[in-house]
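J.: Using my numbering, the first residue of the sequence shown is number 311, and each one after it goes up by one.
Note that beta-carbon positions come from the ideal geometry of N, C-alpha and C, so glycine has one too.
Following this message is one structure expressed as structure tokens.
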Amino acid sequence: TVKDVIMRAVKVYVFIAALVLLGEGFKPLILEYFIQIPSGILYWVNMVSA
């Protein structure tokens with residue numbers, strides 16, 4: 311129904327907004343610590359964790 315479609319759209323919108331806010335919240339941590347790590351090390355850490 312139309313109500314179900316609207317509710318699903320609202321849930322997706324809220325989910326995306328939460329991801330954006332979470333990313334903004336972690337930005338100081340990333341800028342402080344992860345920027346200093348060389349990209350090659352980050353690449354291999356990501357490969358091992360997958």
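1) Taking the alpha helix (DSSP H) that Tyr353 belongs to, which residues open and close that run?
2) Give the DSSP-derived three-state secondary structure of Tyr343 in the structure shown.
3) Where Leu341 and Glu334 are concerned, what is the direct C-alpha to C-alpha distance, given to the nearest angstrom?
T.: Walking through what the data contain:
1) In the sequence shown, residue 353 corresponds to position 43, counting from 1. Segment Ser349 to Ser359, the alpha helix (DSSP H) holding Tyr353.
2) In the sequence shown, residue 343 corresponds to position 33, counting from 1. In this structure, Tyr343 counts as coil in the three-state DSSP scheme.
3) As a first step, residue 341 must be located in the sequence shown, where it is residue number 31. As a first step, residue 334 must be located in the sequence shown, where it is residue number 24. Computed Cα separation, rounded: 11 angstroms.
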